[in-house]
Amino acid sequence: MFRKIAVAAGLLAAAIAGPAQAQDYPEKPIEFIVPWGPGGGSDTLMRIVAMGLSEVTGQAVPIVNMPGVGGTVGLAEFAKRPADGYTISQIHEGLYTANKLGITELSYKNFIPVALVTSSPQYLVLSKNDNFSNLEELKAYAAANPGAVRAGVTLGGVPHLHMAMIEEALGVQFSYVGFRDTGERIRAAVGGNVDIVIGDVASASEFVKNGDLIFAGVGTEERTSEEPDVPTMAEQGYDLSMAVTRGVVLPAGTPDEIVEALDAALEKAMSLPDIREKMTNAGSADIYLGHEAYKAYLDKLDGEVDKVVGKLQG
Amino acid sequence: MMLDAFLAGAHQVFAFDTLIYMLIGSVAGIVAAAIPGFTVTMAIILTLPLTFTMGPLQGVSVMLSVYVGGYTGGLISAALLGIPGTPSSVATTFDAYPMARGGEPGRALSLGVWSSFFGTVISTIVLIIAAPPLAMIAVKLGPWEYFSLIVFALTIVASLVGNSLMRGLIAGVIGLGLATIGPDPMMGQPRLTFESSILMPGLPFLVVLIGIFAISQLMGELEDHGKGPSSDALIPDVIEFKTWAVMREVLMHPVNLVRSSLIGVFIGALPGAGGSIANLLAYDQAKRSSKNPDEFGKGNPDGVIASEAGNSATAGGGLIPMIALGIPGSAVDAILMAALMVHGISVGPRLIMDNADLAYGMFVAMVVASLMMLVVCVLSMRLFLRVTDIPKQFIVPTVMICCVIGAFALNNRVTDLYLLGAIGLVGYGLKSLDYPLAPLVLGVILGPIAETNLRRALMSDGDWTVFFTRPISAVLLAAALLSVIFSIRSVLKMRKKDRPATDEQDGD
Chain X
1 MFRKIAVAAG LLAAAIAGPA QAQDYPEKPI EFIVPWGPGG GSDTLMRIVA MGLSEVTGQA
61 VPIVNMPGVG GTVGLAEFAK RPADGYTISQ IHEGLYTANK LGITELSYKN FIPVALVTSS
121 PQYLVLSKND NFSNLEELKA YAAANPGAVR AGVTLGGVPH LHMAMIEEAL GVQFSYVGFR
181 DTGERIRAAV GGNVDIVIGD VASASEFVKN GDLIFAGVGT EERTSEEPDV PTMAEQGYDL
241 SMAVTRGVVL PAGTPDEIVE ALDAALEKAM SLPDIREKMT NAGSADIYLG HEAYKAYLDK
301 LDGEVDKVVG KLQG
Chain R
315 MMLDAFLAGA HQVFAFDTLI YMLIGSVAGI VAAAIPGFTV TMAIILTLPL TFTMGPLQGV
375 SVMLSVYVGG YTGGLISAAL LGIPGTPSSV ATTFDAYPMA RGGEPGRALS LGVWSSFFGT
435 VISTIVLIIA APPLAMIAVK LGPWEYFSLI VFALTIVASL VGNSLMRGLI AGVIGLGLAT
495 IGPDPMMGQP RLTFESSILM PGLPFLVVLI GIFAISQLMG ELEDHGKGPS SDALIPDVIE
555 FKTWAVMREV LMHPVNLVRS SLIGVFIGAL PGAGGSIANL LAYDQAKRSS KNPDEFGKGN
615 PDGVIASEAG NSATAGGGLI PMIALGIPGS AVDAILMAAL MVHGISVGPR LIMDNADLAY
675 GMFVAMVVAS LMMLVVCVLS MRLFLRVTDI PKQFIVPTVM ICCVIGAFAL NNRVTDLYLL
735 GAIGLVGYGL KSLDYPLAPL VLGVILGPIA ETNLRRALMS DGDWTVFFTR PISAVLLAAA
795 LLSVIFSIRS VLKMRKKDRP ATDEQDGD
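So the protein sequences, as listed, match chains X and R. For the first sequence, our numbering begins at 1 and goes up steadily by one. For the second sequence, our numbering begins at 315 and goes up steadily by one.
Next comes the structure, spelled out in structure tokens:
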């Protein structure tokens with residue numbers, strides 16, 4: 001008898017605590033699964049995001065690196081976690097290519113996008129060579145010598161996608177050479193082992209200043225504040241948008257109140273001056289898209305990726 | 315200008331709080347590396363967020379002390395337990411462990427600590443005087459040179475085969491085979507995974523290393539339990555160590571010390587290679603140039619000196635491309651660079667010009683970190699040696715637990731633990747059948763690097779002859795050929811010597 005009452009009371013307490021939980025969220029540490037290895041772009045940026053989130057919420061936000069198979073091992077594990085807001089993760093454009101190339105069943109639709117917190121504009125970078133030193137010369141040379149221009153990319157990854165977009169826009173043919181990450185590609189370009197690569201300010205601008213590499217164009221709508229002398233691709237007649245954006249996601253089925261609470265906390269965190277400065281230093285543009293805007297962005301991106309995905313195969 | 319920058323950097327490093335943090339970092343690096351399954355990289359990652367709140371040079375100095383301490387700490391479990399504490403101390407087990415088992419654990423540890431110290435210092439000197447030209451050479455090397463270097467490195471299997479060339483080669487091939495499981499290094503397409511979620515991410519190198527060396531060694535200890543006088547403690551008898559006498563002993567092998575350190579510097583300066591290759595390569599070269607190669611593997615001091623100087627020197631070597639060009643030489647250097655970037659310091663070819671005090675401060679920090687490592691190790695050596703007094707029934711399960719935690723902490727994947735168990739059983743089986751384990755590990759390390767660079771080379775230029783027409787690549791391939799000829803000759807010589815005893819046994 002008393003047991004039944006106790007159980008009933010427990011259930012009642014749980015029912016009351018349910019909505020209260022969303023209001024008090026977060027009331028314990030939030031685990032942040034970064035599906036990439038330590039030291040990379042995602043890891044560095046997400047550690048700063050975690051620092052800001054922890055400052056705003058007063059809860060610890062420990063980073064758990066779960067790398068493997070193009071970021072999909074960590075996301076597969078994340079998808080299985082309870083949808084209570086106490087495990088969060090991160091996605092970027094790589095999930096699209098991994099999904100469309102059949103490496104994973106998961107797509108962005110398996111998660112609830114909370115907020116886009118970083119965007120790293122991507123640049124077309126030329127290594128110093130005798131044949132071309134800007135986009136037009138590259139086009140002319142590549143048109144005259146099909147397959148002679150060696151393009152450094154991560155095969156099946158985001159840079160491959162961007163390079164394929166450029167190849168299609170210029171109407172030429174490159175030969176692709178595979179690298180694991182941006183650092184490796186930039187190094188190969190500095191050493192003259194490839195001719196063109198996709199890079200970002202964080203990894204390439206010092207070499208551009210030093211005269212080893214050339215920025216031929218950036219895939220943003222307007223020129224960036226870090227490199228105001230570099231023309232956009234659109235200015236040069238090719239309407240291409242090239243960026244690596246990273247956003248925080250929750251497992252499908254998370255209550256709306258928690259999504260909203262996390263969105264609000266992230267927005268506050270990303271506006272802290274200290275966090276903004278660190279994010280800029282780590283190569284991210286000043287940007288924040290909340291839940292709805294981020295979702296719209298991801299849907300639009302899906303269509304764009306579909307157009308060139310055929311080029312990534314084979 | 316140079317002196318100003320040097321003094322400014324030194325001033326920041328010698329601040330009291332920086333030194334205290336560095337000391338803590340040094341101890342943390344040594345302890346983390348001494349525990350099998352925990353790596354230097356993990357210790358540095360844990361330090362990273364702490365450095366966000368420090369000044370840039372202070373943060374990097376602390377990370378460097380973790381780094382330098384970590385390259386030495388692996389020695390402790392390698393010498394006392396026969397288990398490499400980190401991937402960079404595989405070759406250290408070959409001679410340091412027999413020496414410790416032979417009743418001289420204090421000497422084995424002291425030799426390793428002094429060799430590590432001198433290795434780090436030599437690498438820092440090279441870093442200071444020759445960073446820009448060396449970095450330029452390192453960055454010009456294309457996939458052809460890398461592939462040829464790995465071909466050369468594969469030939470050192472011949473030094474690691476132990477009793478039988480055939481079994482050594484088989485172990486090497488098993489290693490190369492294991493490395494092909496998982497996503498292919500170019501396209502990320504799954505290979506040999508049989509749709510199993512356990513095999514999908516591939517076999518992480520560290521899991522293979524712990525499984526092959528640690529698990530099989532620990533099972534071997536259990537098997538020996540109750541046999542002979544050594545059943546209570548791993549190493550019996552009174553332990554003594556003579557710090558200064560051993561320092562003289564290390565300095566009495568100057569050729570080996572300098573050669574091994576330079577190998578470490580060059581391998582470290584090549585992005586993507588690293589301490590594990592330097593450790594084995596330095597050992598191999600010491601063995602080949604020794605007058606008594608038969609003594610290696612039985613507690614030869616040269617083996618300890620070569621392996622420890624070689625791996626520690628990669629610390630300074632890895633900083634060469636990072637400081638001169640902003641290109642990380644290893645995963646640890648990439649994390650160092652990330653720490654600097656967060657502070658708004660652009661790490662690139664202009665670092666020495668634009669942030670001279672920081673660059674020179676890092677040189678100073680390297681020297682300070684290696685001195686701290688030395689002091690910490692010498693003072694705590696008695697404590698480490700007490701490990702050998704602990705009865706086996708306590709130490710074997712404790713180390714086993716550390717291995718399991720370390721294997722999990724690497725990628726936070728439970729499936730890695732199943733792999734660890736399976737690989738441990740395979741390692742134990744191979745060990746029981748007298749297969750040497752080092753060639754297997756070498757295959758796992760080198761296989762993916764060779765494949766990536768071979769494919770990259772052929773994607774850049776479909777012409778095979780480029781491997782022979784690029785001069786550095788051609789030299790490396792010639793060295794590989796010479797190395798094989800040398801090995802065959804020494805095997806034939808040994809056969810001749812053994813002929814009367816092993817008459818009809820041609821099975822090996």
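A virtual CB, placed ideally from N, CA and C, is assigned to each residue, including glycine.
Item checked: Cβ-based neighbour list, ALA50/X, same chain, cut-off 7 Å, excluding 5 preceding and 5 following -> PHE32, VAL61 and ILE63
Next item on the list: Compile a chain-ordered list of the residues in the region 695-714 of chain R whose CB is closer than 7 Å to at least one CB of chain X.
Entry: Correct list: empty, as no residue qualifies.
Next item on the list: List the endpoints of the continuous alpha helix (DSSP H) containing TYR460/R.
Entry: 457-468
Checklist line | Selected residue, minimal CA-CA separation from GLY253/X, among GLY68/X, GLN59/X, ALA189/X and PRO113/X | finding: Minimum Cα distance to GLY253/X is reached at PRO113/X.
Margin query: With a threshold of 7 Å between beta-carbons, can ASN669/R be considered close to chain X, or not?
Written below: no
Check: Taking the continuous alpha helix (DSSP H) assigned at ILE759/R, which residues delimit it?
Finding: 752-774
Notebook entry, point to check: What number of angstroms, rounded off, separates the C-alpha of PHE132/X from the C-alpha of GLY147/X?
Noted result: 15 Å
Margin query: Strictly below 8 Å CB to CB, what residues from chain R border THR44/X?
Written below: Near THR44/X (Cβ distances below 8 Å), the residues of chain R are ALA652, MET655 and VAL656.
Check: So is LYS278/X in contact with chain R if we call contact Cβ pairs under 7 Å?
Finding: Closer than 7 Å to some Cβ of chain R, the Cβ of LYS278/X qualifies, so yes.
Margin query: I'd like to check one pair, PRO401/R with SER590/R: are the Cβ atoms closer than 7 Å?
Written below: yes
Item checked: Proximal residues, the region 114-130 of chain X versus chain R, C-beta separation under 9 Å -> Listed by position along the chain: nothing, the set is empty.
Check: Among LEU490/R, GLU535/R, GLN503/R and LEU506/R, which one has its Cα closest to the Cα of PHE519/R?
Finding: Of the candidates LEU490/R, GLU535/R, GLN503/R and LEU506/R, the one whose C-alpha sits nearest the C-alpha of PHE519/R is LEU490/R.
Next item on the list: Specify the secondary structure class of ALA60/X as computed by DSSP and reduced to three states.
Entry: coil
Margin query: So with CB distances below 7 Å, who are the chain R contacts of ALA282/X?
Written below: Going along chain R in sequence order, the residues near ALA282/X (Cβ under 7 Å) are MET655 and VAL656.
Margin query: Let me make sure I understand the geometry here. Which of ALA405/R, MET676/R and GLY582/R has the alpha-carbon closest to that of LEU379/R?
Written below: The amino acid occupying residue 379/R in the given sequence is Ser; Leu does not appear at that position. Of ALA405/R, MET676/R and GLY582/R, the residue nearest in Cα terms is MET676/R.
Note to self: On the criterion of 16 or more Cβ atoms from any shown chain inside 10 Å, does PHE708/R qualify as buried, or is it exposed?
What the structure shows: exposed
Check: If you run the structure through DSSP and keep just helix, strand and coil, what is THR486/R?
Finding: Note on residue identity: the sequence assigns Gly, not Thr, to residue 486/R. Helix, per DSSP.
Note to self: To be precise: take each residue of the region 193-215 of chain X, compare its Cβ to all Cβ atoms of chain R, and keep it if any distance is under 8 Å. Which residues remain?
What the structure shows: Across the region 193-215 of chain X, CB contacts with chain R closer than 8 Å involve ASN193, VAL194, ALA202, SER205, GLU206, PHE207, LYS209, ASN210 and ASP212, in sequence order along the chain.
Next item on the list: Take the Cβ of ALA648/R as the centre, count every other Cβ of all protein chains shown within 10 Å, and call the residue buried at 16 or more, exposed below.
Entry: buried
Check: Comparing the C-beta of PRO67/X with each C-beta of chain R, is any distance below 7 Å?
Finding: By this cut-off, PRO67/X is an interface position.
Next item on the list: Label TRP458/R either buried or exposed according to how many other C-beta atoms from any shown protein chain fall within 10 Å of its C-beta, with 16 as the threshold for buried.
Entry: buried
Next item on the list: List the residues that DSSP assigns as beta-bridge partners of GLU31/X.
Entry: Looking at the DSSP assignment, GLU31/X forms a beta bridge with THR87/X.
Next item on the list: Kindly list, in the order they appear in chain X, the residues whose Cβ is closer than 9 Å to that of LEU513/R.
Entry: None at all; the shortest Cβ gap to chain X is about 11 Å.
Margin query: Checking 7 Å against the spacing of the C-beta atoms, do GLY368/X and PRO515/R come in under that value?
Written below: Residue coverage of chain X in this structure runs from 1 to 314, which leaves residue 368/X outside it and unanswerable.
Margin query: At the level of alpha carbons, what is the spacing between TYR123/X and THR245/X?
Written below: 14 Å
Next item on the list: With a threshold of 16 other CB atoms inside 10 Å of the CB of ASP616/R, please say whether the residue is buried or exposed.
Entry: buried
Notebook entry, point to check: Can a CB atom of chain X be found closer than 7 Å to the CB of ILE641/R?
Noted result: yes
Next item on the list: Measuring only between beta-carbons, confirm whether ARG223/X sits less than 7 Å from chain R.
Entry: no
Note to self: Which residue wins for smallest C-alpha separation from VAL440/R, given the options GLU765/R, PRO568/R, ARG784/R and ALA583/R?
What the structure shows: Nearest to VAL440/R by C-alpha distance, out of GLU765/R, PRO568/R, ARG784/R and ALA583/R, is ALA583/R.
Next item on the list: Rounded to whole angstroms, what's the CA-CA distance from GLU77/X to MET163/X? Just pull it up for me.
Entry: 31 Å
Checklist line | Option in ASN570/R, ALA596/R and GLY588/R with minimal Cα separation from ILE577/R | finding: ALA596/R
Margin query: Rounded to whole angstroms, what is the Cα-Cα separation between MET655/R and VAL661/R?
Written below: 7 Å
Notebook entry, point to check: Could one say the Cβ of VAL308/X lies closer than 7 Å to chain R's Cβ atoms, at least one of them?
Noted result: Look at VAL308/X: its C-beta is not under 7 Å from any C-beta on chain R.
Checklist line | Contacts that ILE524/R makes with chain X (C-beta to C-beta distance below 7 Å) | finding: Correct list: empty, because the minimum Cβ distance to chain X is about 17 Å.
Check: How many angstroms separate the CA atom of SER241/X from the CA atom of GLN23/X?
Finding: 39 Å
Item checked: Among LEU650/R, ILE704/R, GLY643/R and VAL689/R, the one whose alpha carbon lies nearest that of ALA357/R -> Ranking LEU650/R, ILE704/R, GLY643/R and VAL689/R by Cα distance to ALA357/R puts LEU650/R first.
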